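Accompanying notes for the structure given below.
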Amino acid sequence: MTAHAITVRLAGQRDAQAIALMSRDLVESGLGWKYDAARVLKAIRDPDTLTPVACDGGRIAGFGIMEFGDERAHLVLLAVRPTHRRMGIGRRLVDWLVESSRTAGIASLHLELRAANEAARGFYRAMAFDETIVVPGYYRGREAALRMIRVLRAAGPVPYTWRPSTT
Ligand SMILES: CC(C)(COP(=O)(O)OP(=O)(O)OC[C@H]1O[C@@H](n2cnc3c(N)ncnc32)[C@H](O)[C@@H]1OP(=O)(O)O)[C@@H](O)C(=O)NCCC(=O)NCCS
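Dropping the structure here:
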């Protein structure tokens, strides 16, 4: 298969429906559909949330949604279309979010995934996330979640300062 050129950019309002359908089919399948277009649009418009999309031509091949607090960021959703898996797109999206988190002074990244999702588990381990706890019944009281964390720096105030130029 020929390698395609993939571009990563921030999602715009026009991307909400495509992202929502990917969430329904690739992430939330069997759990109900929480991230419909209205909710995704809210995330895209939220200044404390980043929603990068990886595009193959005009089509979204993968996306992530990450919410930022002062020191913690939460990776809410991440998915790559089955046709585009194992090409490094998930890694590029996570790298993009990690770079943004470092710039924002975030100390740690957090996420939950379905405990039975071995593929995602292997992926996040490869992305340097560590498993913390299993939360029984996290998804609709039916399915357990596995929590994972990636520490970027020691918690506490951002440990660097500089003197702005006075000239
Ligand atoms: C998890 C997911 C995002 C990975 O995306 P991807 O673009 O295929 O991942 P990459 O190609 O960047 O993989 C990077 C590395 O992660 C690991 N990895 C990826 N998929 C894996 C799998 N199925 N099993 C084990 N390890 C895996 C590998 O180390 C891989 O490197 P390699 O291909 O050189 O061996 C994708 O499988 C997906 O969308 N799954 C369905 C949605 C989902 O489960 N999202 C996570 C919960 S919200």
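Each residue of the sequence shown is one higher than the one before, counting from -2 in my numbering. Just so it is clear, CB atoms sit at the ideal spot from N, CA and C, and this is done for glycine as well. Predicted, not measured: the structure shown is a model, and the values here were computed from it.
Nearest-angstrom Cβ-Cβ length linking VAL50 and ILE62, presumed shorter than 8 Å: Cβ atoms of VAL50 and ILE62 stay farther apart than 8 Å, at about 10 Å.
Beta-carbon contacts of THR48 that lie in its chain and below 6 Å, excluding the five residues immediately before and after: Closer than 6 Å at Cβ, skipping near neighbours: ALA8, ALA40, ILE41, ILE62.
For PHE120, the first and last residue of its enclosing alpha helix (DSSP H): PHE120 -> alpha helix (DSSP H) spans 115 to 123.
Cβ-heavy atom distance, ALA123 to ligand 1, below 6 Å: Under cutoff, so the answer is yes.
Euclidean distance between Cα positions of PRO44 and ALA117: Their backbone Cα atoms lie some 27 Å apart in a straight line.
Span separating the alpha-carbon of ARG36 from that of SER20: One C-alpha to the other measures close to 11 Å.
Where the beta strand (DSSP E) containing ARG42 begins and where it ends: Following the DSSP letters along the chain, one finds ARG42 in no beta strand (DSSP E) but inside the alpha helix (DSSP H) bounded by residues 34 to 42.
DSSP-derived helix/strand/coil call for ASP92: In this structure, ASP92 counts as helix in the three-state DSSP scheme.
Near ligand 1: ILE86 beta-carbon under 6 Å from a heavy atom: Yes.
Assigned secondary structure, THR4 (DSSP; H/G/I helix, E/B strand, else coil): Of the three classes helix, strand and coil, the one that applies to THR4 here is strand, per DSSP.
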